[in-house]
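120 is the number of the first residue of the sequence shown in our numbering; add one for each residue after it.
Think of the CB as a built atom: it goes at the ideal place given N, C-alpha and C, for glycine as much as any other residue.
Just so you know, these numbers come straight off a predicted model, no measurement behind them.
One structure is given below, encoded as structure tokens.
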Amino acid sequence: MTRVAVVAASPVLRAGLESLLGAAPSLVVVGTVSERRDGDDDAPSLAELVAPLAPDVVVLVADGEPPRLADEGVDGSARGRWREGRSGAGRPAVVLLADLADPRAVVRAIRAGVRGVLPREAGADEIIAAVEAVAAGLLALPADVADELLAGMAPEPVGAVASAPAVTLTPREREVLALLAQGLANKAIAPRLRISEHTVKAHVASIFEKLGAGTRAEAVVTAARLGILML
């Protein structure tokens, strides 16, 4: 069973999503909490809100601009704290329900660690499918959003991508990247490629540096947009 937490400002939305998700045989809702308000400096981050529930997946309903996943400073250090997640169990995946009018906001969400993005008006089947997908280590994006990302429409102009230096990955890095796209952890990648976990970590670090990525999801999306990886 996949443990799911619901985060939304509206109690009606929280109750509705709890009922919707709880009806899926593969899911169990472990709790619902109110969305933090970024204007409140004393408000806890999303990571702090859901930590006591120990969910596998967080369904986050955003009002307007997606909220910060943690108390992120100008150096972006909080993004790393969110990726680390709760101690010993790995961080939960996030499915964001938000206004998708601005593709740049979607890219920012993915860079912050979001694994699934859906419009706020998404249906029950779509939401459940997205939760199950991210729980399995996959990305869940609407087709039009994925097309825009892969076409290089956001966040940088197409011309900036075309003029950027070509990214070259070694054959081994391409193998590691392909397995990252499948949602595999370093421990699972190592035996697949018959290399040590330490070597996998070194390849992942090199991939991140070459692609300018901060998360695995961002690395996969960037590689697909550049034609390095076929999704």
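TODO: Check whether the Cβ atoms of A304 and V176 lie closer than 9 angstroms to each other.
DONE: Here residue 304 refers to the residue found at position 185 of the sequence shown. Here residue 176 refers to the residue found at position 57 of the sequence shown. No, the Cβ-Cβ distance between A304 and V176 is not below 9 angstroms.
Open item on the list: Once the 5 residues before and after V149 are set aside, which same chain residues still bring their CB inside 8 angstroms of it?
Closed with: Within the sequence shown, numbered from 1, the residue matching residue 149 stands at position 30. So the qualifying residues of the chain are R122, V123, A124, L172, A173, P174.
- [ ] Ignore the nearest five residues each way along the sequence and tell me which others in L288's own chain have a CB closer than 7 angstroms to its CB.
- [x] As a working mapping, residue 288 is identified with position 169 in the sequence shown. For L288, where only same-chain residues beyond five positions count, the Cβ hits under 7 angstroms are L296, I326, K329, I347.
Open item on the list: According to DSSP, simplified to helix, strand and coil, what is P171?
Closed with: Indexing the sequence shown from 1 puts residue 171 at position 52. Correct three-state label for P171: helix.
Task: Completely contained beta strand (DSSP E) runs for the stretch 214 to 244, where each covers 3 or more residues - done: 233 to 238
Task: Whole runs of the alpha helix (DSSP H) within the stretch 309 to 343, excluding any shorter than 4 residues - done: 316 to 330
TODO: Would you list the one or two residues that DSSP bridges to T289?
DONE: Along the sequence shown, read from residue 1 onward, the residue named residue 289 stands at position 170. Partner(s): none; T289 has no beta bridge.
- [ ] To the nearest angstrom, report how far apart L216 and P290 are at their CA atoms.
- [x] Here residue 216 is taken as the residue at index 97 of the sequence shown, counted from 1. Here residue 290 is taken as the residue at index 171 of the sequence shown, counted from 1. If I take the Cα positions, the gap works out to 37 angstroms.
TODO: State the Cα-Cα distance for the pair A342 and E292, rounded to the nearest angstrom.
DONE: On the sequence shown, position 223 is the one that residue 342 refers to. On the sequence shown, position 173 is the one that residue 292 refers to. Going by the C-alpha atoms only, they are around 11 angstroms apart.
TODO: For G278, I'd like the list of residues in its chain whose CB is within less than 8 angstroms of its CB, leaving aside the five on either flank, ordered along the chain.
DONE: The residue given as residue 278 occupies position 159 in the sequence shown. Model confidence at G278 stands at a pLDDT of 48, short of 50, so the residue's coordinates are unreliable and nothing is read from them.
TODO: Return yes when the Cβ of A309 is within less than 9 angstroms of the Cβ of E316, no when it is not.
DONE: As a position in the sequence shown, residue 316 is number 197, starting the count at 1. As a position in the sequence shown, residue 309 is number 190, starting the count at 1. Yes, the Cβ-Cβ distance between E316 and A309 is below 9 angstroms.
TODO: Give the DSSP-derived three-state secondary structure of L146 in the structure shown.
DONE: What you label residue 146 is simply residue 27 of the sequence shown in a count that begins at 1. In this structure, L146 counts as strand in the three-state DSSP scheme.
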